[in-house]
Amino acid sequence: MPNITYNLGIPNTPNDPSVDQPKMKINNDANDTIWDVDHYGFNDNNGGKHNVIRFPAFQTLTPATGAFEWAEYTRLLASGAVETFWKRPNTIAGATDIQMTTNIAVSPVGINGQTFLPGGIIVKWGNFIGFNAASQNPAIVKTVNFVPVFPTNCFAVFTQVFWIGATAPSSEGVVNTKAPASVGSFTWQFNTNSSQFTGGGFYWLAIGN
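Counting from 0, one number per residue, gives the positions in the sequence shown under numbering that gives the first Met the number 0.
As structure tokens, then:
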């Protein structure tokens, strides 16, 4: 954004208008210039509305809000990252806010991926396909790696076994996971009394931050 010059106190009461005219022109042009920054300007059907919102500076403390005010701003985290936050109405400076962004790549919708939830939660999901005689041996422990890793914690991992074929297995299969999971992976073992899970696998969902 340009540094826009504006002359305060113009027009000045004791001055002849012709004296102040050059500065009045600067001020008039400045109004048009500043409206065109991140807004639709004059002579536009959308005039006055935002076309983008940018925060060139971040807050170091969560701001206070009035009775009916929501605040949106960026704030510096202890990690050094700058993220976007919301603040609820009628709060004091420094009170808890709601983190709305994080520095992770949100995946397109698919069988594997990750996303971010407001408040700071990261959700990852994926699957394992290819149960065989070895993986159906409960003594064998395997690993699923998170790519990328959770920045801080992995709180929980959930699994759901599936089979491939026309006939349902005669007994259930269970994927057990070792707790706690690390930020980079989780380990699992498969237990079943049925051979009909061969070629199948399991879906997994991990929650962290």
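Beta carbons are placed, not taken as given, at the ideal position from N, Cα and C, and that holds for glycine.
For residue i, count neighbouring C-beta atoms within 10 Å of its own C-beta (all shown protein chains included) and say buried if the count is 16 or more, exposed if not.
i: residue 123; result: buried
i: residue 8; result: exposed
i: residue 207; result: buried
i: residue 196; result: buried
i: residue 96; result: buried
i: residue 121; result: buried
i: residue 41; result: exposed
i: residue 87; result: exposed
i: residue 151; result: exposed
i: residue 145; result: buried
i: residue 183; result: exposed
i: residue 205; result: buried
i: residue 67; result: exposed
Ordered along the chain, which non-local residues of its own chain (more than five positions away) have a Cβ less than 7 Å from that of residue i?
i: residue 174; result: 158, 160, 187, 189, 201
i: residue 23; result: 9, 10
i: residue 93; result: 60, 61
i: residue 99; result: 83, 84, 85, 117
i: residue 162; result: 168, 195, 196, 199
i: residue 128; result: 200
i: residue 131; result: 197
i: residue 72; result: 54, 58, 62, 84
i: residue 51; result: 37
i: residue 148; result: 182, 183
For residue i, write down the residues that DSSP places opposite it in a beta bridge.
i: residue 207; result: 121, 153
i: residue 158; result: 203
i: residue 86; result: 70
i: residue 75; result: 81
i: residue 190; result: 173
i: residue 97; result: 85
i: residue 54; result: Residue 54 pairs with nothing; no bridge assigned.
i: residue 184; result: 144
If I follow the unbroken beta strand (DSSP E) through residue i, where does it start and stop?
i: residue 143; result: 141–144
In terms of residues, what are the limits of the alpha helix (DSSP H) holding residue i?
i: residue 24; result: 16–34
Going by beta carbon distance, what residues of the same chain come within less than 6 Å of residue i, once the five residues before and after it are set aside?
i: residue 102; result: 80
i: residue 140; result: 186, 188
i: residue 113; result: 106, 123
i: residue 29; result: 3, 5
i: residue 172; result: 160, 191, 196
i: residue 176; result: 156, 185, 187
i: residue 64; result: 70, 86, 88, 90
Got a sec? Which residues, its chain only, sit under 8 Å from residue i by beta carbon, not counting five neighbours each side?
i: residue 125; result: 110, 111, 112, 143, 202, 203
i: residue 47; result: 34, 38, 39
i: residue 45; result: 39
i: residue 75; result: 57, 58, 59, 81
i: residue 153; result: 145, 179, 180, 181, 182, 185, 205, 206, 207
Ordered list of beta strand (DSSP E) runs contained in the stretch 103–130, each at least 3 residues:
List check, beta strand (DSSP E) in window: 112–116, 120–128.
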